[in-house]
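Colleague: Be aware that the sequence shown starts at 681, since it is given in the working numbering, and climbs by one per residue. Just so you know, even glycine gets a beta-carbon here, dropped at the ideal spot from N, CA and C.
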Amino acid sequence: MLNVLGSPKRLCNGVTRRDLLTVGGLSLMGLGMPTLAADSFGKASSLAPSLPGFGAAKNILLLYLFGGPSQLETLDGKPEAPVEIRGQFQTITSTLPGLHISEHLPRMSQIMDRTTVVRSLTHPWNFHGMQYATTGLAVGSIPVEETAVHQQHQPFLGSVVNYFDQQKHGPRPHGALPDNLMLPFPLSSRRPAAFYARPYAAYLGSGYDPIWTEFRGEPTASMLRRSFGAPTQIADPYLGVKPDCRFLIVPEAELPTGLTLDRLDRRRSLLEQLESARRELGRQAGKTQLDHQREAAFSLLDSQAVRQAFDLTQEPAKLREAYGMNLFGQSVLQARRLIEAGSRFVTVVWDEFGQLNAGWDTHVDHYNRLKGELLPGLDAAFSTLIRDLEERGMLDDTLVLVMSEMGRTPKFEGEGRGHWGRAYTNFFAGAGIKRGAIVGKTDSIGAAVADRPLTAKDILATIYHLAGIDPHTTLPDKLNRPVPLAHDGAIVPEMLA
């Protein structure tokens, strides 16, 4: 008899009012993120990197599919499993021998020979969060993952890379394109009720926080969606956007009509005077994220390089359409432009929009959303990105990461698949990554890892290696305790070219 274990039913309903008020109070006073002296960081082990690919990644582009994509409807289909497991979709062959993928990923099927697919990621937790997936956090925890700022948070991957780059090369010149950018808007800021732990620098200090963009654009399509309560028609930019859409490096970068840079300088002077008392209160804790974001706004407003990099209209219409004229596709294209213009680490998050249980969190309307939005959007953007990077001679230097925090239950829970950390898939391409490899496998129903179990910490260790950072390096936390960058993770040799 077929027996499939399910995860406890838990919809995504966010933090408590008390949590939100506590976090908000810390952020207002600038006391949420302590900064330590730079010379106290960066103590590494004596183990010299010996595996291939060390430092191969000159640039890193992370595509994060927030919510947990179904392994069964993407790259780990089980066509021989019972219908209640394999689902409604068929699988198709790909250019990577042995890899059968969803029929709704036809363009990706033609470029998978450039990738390494890791099918054996596993952890015991069934809840959302980029903290466990993209930091050295040792143990998953709902309070840690569903609180905006928490004492147990660890530095985001991009912030760590940014920190070591600055230790080696110094800070970026005034007005230069930042090295740690995130698109399209701050995590969970376009959905109600909850704030997940946003990726940030934690105890490294707010100077290494990612700089989030803001998206401006009008949706061209809507969909009837249901999370809690009655179905709601939501105009969603992930379904489609008009060609005049754009990304702003900070909200202040969109100057009102008639506001000149000279007038802006005068406003800045007045603002600094009015806020001097608050900054003095926060002096012992260092600059706040708000301070750094504001400084970034003023330093980048008159940067020609920044304006050029963020001008999507310079791209041919045909290429923009190939990426997908939707929020994810245009975000990925914008990320490529930023990498090409000199940014070291750029992250695109496919986030929830409009409702809870949106994005890749397919508790409800599972097949309709996969077929009508999620799979076509991923198919177009990722396949075009890989070909585009190849044609520009950038793929060998650019590490492309497609990551998430978990997979979905093998068996339906109500109207969709639930959270499932025991077996899920990530995939990778570019600098230092082996072309045409499959690492690990799951059992016949995609419920458990059957070969080569790996964790997110192993993936992090491999990424740091490719970025030229010894993954055994430790950084002292705010209590001066040595914290390994990738906890107990080990480099995955099968992923390396």
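(1) Give the single residue among Ile1118, Ile1113, Phe1107, Glu1053 whose Cα lies nearest to the Cα of Arg905.
(2) Would you check if the distance between the CB atom of Leu1134 and the CB atom of Ser750 is smaller than 7 Å?
(3) With C-beta atoms as the reference, is Arg1017 less than 7 Å away from Ala989?
(4) Closer than 6 Å by C-beta to Leu837: which residues in its own chain qualify, once you throw out the five before and the five after it? Chain order, please.
(5) Mind reading off the beta-carbon distance from Leu755 to Ile781? Whole number of angstroms is fine, and I expect it under 8 Å.
(6) Would the beta-carbon of Thr900 fall within 7 Å of that of Gly920?
(7) With a CB to CB cut of under 8 Å and the five nearest residues on each side skipped, what residues in its chain are close to Pro911?
(8) Which value, in whole angstroms, describes the spacing of the CA atoms of Leu992 and Arg1072?
(9) Here's the rule: buried if 16 or more other CB atoms are within 10 angstroms of the residue's CB, otherwise exposed. What is Ser869?
(10) Under 7 Å, Cβ to Cβ, is there at least one residue of chain B near Thr893?
(11) Which residue wins for smallest C-alpha separation from Pro786, given the options Gln832, Thr1064, Asn1006, Thr1027?
(12) For Arg648, list the residues DSSP reports as bridge partners.
(13) For a test of the three-state rule: what should DSSP assign to Ile1066, helix, strand or coil?
(14) Just mark Gln1014 as buried or exposed, buried being the case when its beta carbon has 16 or more other beta carbons within 10 Å.
(15) Looking only at its chain, what residues have a beta carbon closer than 6 Å to the beta carbon of Leu1069, apart from the 5 residues adjacent to it on each side?
(16) For Leu731, count neighbouring Cβ atoms within 10 angstroms of its own Cβ and tell me buried if that reaches 16, exposed if not.
(17) I need the straight-line Cα distance from Gly1036 to Trp1100, nearest angstrom please.
(18) Once DSSP output is grouped into helix, strand and coil, what is the label at Asn1048?
(19) Given 8 Å as the limit, is there contact between the region 1143–1153 and the region 827–835, that is, 3 or more CB pairs closer than that?
(20) Out of Glu825, Asp1138, Gly1112, Val1129, point me to the one whose CA is closest to Leu1146's CA.
(21) Under DSSP, the beta strand (DSSP E) around Asp845 begins and ends at which residues?
(22) Select from Gly1039, Gly850, Val1080, Gly809 the residue whose C-alpha is nearest the C-alpha of Lys738.
(23) Please go through the region 754–814 and give each complete beta strand (DSSP E) segment of 3 or more residues, from N-terminal end onward.
(24) Rounding to the nearest angstrom, what Cα-Cα distance links Ala933 and Glu898 in this structure?
(25) Just tell me which of Gln770, Pro866, Ala877 has its CA closest to the CA of Phe895.
(26) Looking at Glu995 and Gly748, is the spacing between their C-beta atoms short of 7 Å?
(27) If we ignore side chains and look at the alpha-carbon of each, how far apart do Tyr744 and Pro762 end up?
(28) Here's the rule I'm using: 16 or more other beta-carbon atoms within 10 Å means buried, otherwise exposed. How should Asn1006 be labelled?
(29) In the DSSP assignment, what residue or residues form a beta bridge with Pro1164?
(30) Below 7 Å between beta carbons: does that hold for Gly1120 and Lys758?
(31) Three-state secondary structure (DSSP) at Gly816?
(32) What residue range is occupied by the uninterrupted beta strand (DSSP E) comprising Arg926?
(33) Tell me whether Gln913 is buried or exposed, calling it buried when 16 or more other Cβ atoms sit within 10 Å of its Cβ.
(34) Please identify the residue among Glu1174, Gly733, Thr802, Glu1001 whose C-alpha is closest to the C-alpha of Arg1088.
(35) With Val841 and Phe1107 assumed to form a contact (beta carbons below 8 Å), what rounded beta-carbon distance in angstroms separates them?
(36) Does the contact criterion of 3 or more C-beta pairs under 8 Å hold for the region 787–794 versus the region 768–775?
Modeller: Let's see:
(1) Taking the sequence shown and counting its residues from 1, the one referred to as residue 905 is at position 225. Residue Glu1053 is the option with its Cα nearest to Arg905.
(2) Stepping through the sequence shown from its first residue, residue 1134 is reached at position 454. Stepping through the sequence shown from its first residue, residue 750 is reached at position 70. In this structure, the beta-carbon distance from Leu1134 to Ser750 does not fall below 7 Å.
(3) Within the sequence shown, numbered from 1, the residue matching residue 1017 stands at position 337. Within the sequence shown, numbered from 1, the residue matching residue 989 stands at position 309. With respect to the 7 Å criterion, Arg1017 and Ala989 are classified as neighbours on the basis of their beta carbons.
(4) Locating residue 837 in the sequence shown gives position 157, where the first residue counts as 1. Same-chain partners within the cutoff: Thr814.
(5) Within the sequence shown, numbered from 1, the residue matching residue 755 stands at position 75. Within the sequence shown, numbered from 1, the residue matching residue 781 stands at position 101. Contact flag correct, Cβ pair sits at about 5 Å.
(6) In the sequence shown, counting from the first residue as 1, residue 900 sits at position 220. In the sequence shown, counting from the first residue as 1, residue 920 sits at position 240. A contact, by the Cβ cut-off of 7 Å.
(7) Translated into positions along the sequence shown, residue 911 becomes position 231. Here the set comprises Leu904, Arg905.
(8) Start at 1 with the first residue of the sequence shown, and residue 992 comes out as number 312. Start at 1 with the first residue of the sequence shown, and residue 1072 comes out as number 392. The straight-line gap from Cα to Cα measures roughly 17 Å.
(9) On the sequence shown, position 189 is the one that residue 869 refers to. Using a 10 angstroms sphere on the CB of Ser869, the tally of other CB atoms stays under 16, which defines it as exposed.
(10) Here chain B cannot be found, since the structure has a single protein chain.
(11) Reading the sequence shown from its first residue, position 106 is the one you call residue 786. Taking only the C-alpha atoms, the option nearest Pro786 is Thr1064.
(12) Past the edges of the chain, shown from 681 to 1177, lies residue 648, and the structure says nothing about it.
(13) Taking the first residue of the sequence shown as 1, we reach residue 1066 at position 386. Of the three classes helix, strand and coil, the one that applies to Ile1066 here is helix, per DSSP.
(14) Here residue 1014 refers to the residue found at position 334 when the sequence shown is read from its first residue. When all chains shown are included, Gln1014 counts as buried.
(15) Position 389 of the sequence shown, counted from the start, is the residue given in the question as residue 1069. Leu1075, Thr1078.
(16) Here residue 731 is taken as the residue at index 51 of the sequence shown, counted from 1. Label assigned to Leu731: exposed.
(17) Residue mapping note: residue 1036 aligns to position 356 of the sequence shown, counting from 1. Residue mapping note: residue 1100 aligns to position 420 of the sequence shown, counting from 1. The sequence given here has Leu at residue 1036, not Gly. Between Leu1036 and Trp1100, the C-alpha separation is close to 18 Å.
(18) Sequence index remark: in the sequence shown, residue 1048 carries index 368 (1-based). Reduced to three states, the DSSP call for Asn1048 is helix.
(19) Judged by Cβ distances under 8 Å, the region 1143–1153 makes no contact with the region 827–835, as fewer than three pairs qualify.
(20) Position 466 of the sequence shown, counted from the start, is the residue given in the question as residue 1146. Each of Glu825, Asp1138, Gly1112, Val1129 was checked against the Cα of Leu1146, and the nearest Cα belongs to Gly1112.
(21) As a first step, residue 845 must be located in the sequence shown, where it is residue number 165. Careful: Asp845 lies outside any beta strand (DSSP E), inside the alpha helix (DSSP H) at 837–849.
(22) Looking up residue 738 in the sequence shown gives position 58. The candidate whose alpha carbon is nearest that of Lys738 is Val1080.
(23) The region 754–814 contains these whole beta strand (DSSP E) runs: 771–773, 780–782, 795–801.
(24) Numbered from 1 along the sequence shown, position 253 holds the residue referred to as residue 933. Numbered from 1 along the sequence shown, position 218 holds the residue referred to as residue 898. Per-residue confidence for Ala933 stands at a pLDDT of 42, beneath the threshold of 50, marking its modelled position as unreliable; no derived number is given.
(25) Looking up residue 895 in the sequence shown gives position 215. Out of Gln770, Pro866, Ala877, Pro866 has the C-alpha closest to the C-alpha of Phe895.
(26) Taking the sequence shown and counting its residues from 1, the one referred to as residue 748 is at position 68. Taking the sequence shown and counting its residues from 1, the one referred to as residue 995 is at position 315. Cβ atoms of Gly748 and Glu995: not closer than 7 Å.
(27) Mapped onto the sequence shown, residue 744 falls at position 64. Mapped onto the sequence shown, residue 762 falls at position 82. Those two C-alpha atoms are separated by around 30 Å.
(28) Taking the first residue of the sequence shown as 1, we reach residue 1006 at position 326. So Asn1006 ends up on the buried side.
(29) Looking up residue 1164 in the sequence shown gives position 484. For Pro1164, which the question treats as bridged, DSSP gives the partners Thr1154.
(30) For the purposes of this step, residue 1120 is taken as residue 440 along the sequence shown, with counting starting at 1. For the purposes of this step, residue 758 is taken as residue 78 along the sequence shown, with counting starting at 1. Between Gly1120 and Lys758, the C-beta gap is not smaller than 7 Å, which leaves the two residues out of contact.
(31) Locating residue 816 in the sequence shown gives position 136, counting from the first residue. Taken through DSSP and simplified to helix, strand or coil, Gly816 comes out as coil.
(32) As a first step, residue 926 is located in the sequence shown; it is residue number 246 there, counting from the start. DSSP places Arg926 inside the beta strand (DSSP E), whose first and last residues are 926–928.
(33) Taking the sequence shown and counting its residues from 1, one reaches residue 913 at position 233. Around the Cβ of Gln913, a 10 Å sphere holds fewer than 16 other Cβ atoms; the residue is exposed.
(34) Within the sequence shown, residue 1088 is the residue found at index 408, counting from 1. Checking every option, the nearest Cα to that of Arg1088 belongs to Thr802.
(35) If you number the sequence shown from 1, residue 841 lands on position 161. If you number the sequence shown from 1, residue 1107 lands on position 427. Contact flag wrong, Cβ pair sits at about 20 Å.
(36) Touching, yes, given that three or more Cβ pairs across the two stretches are closer than 8 Å.
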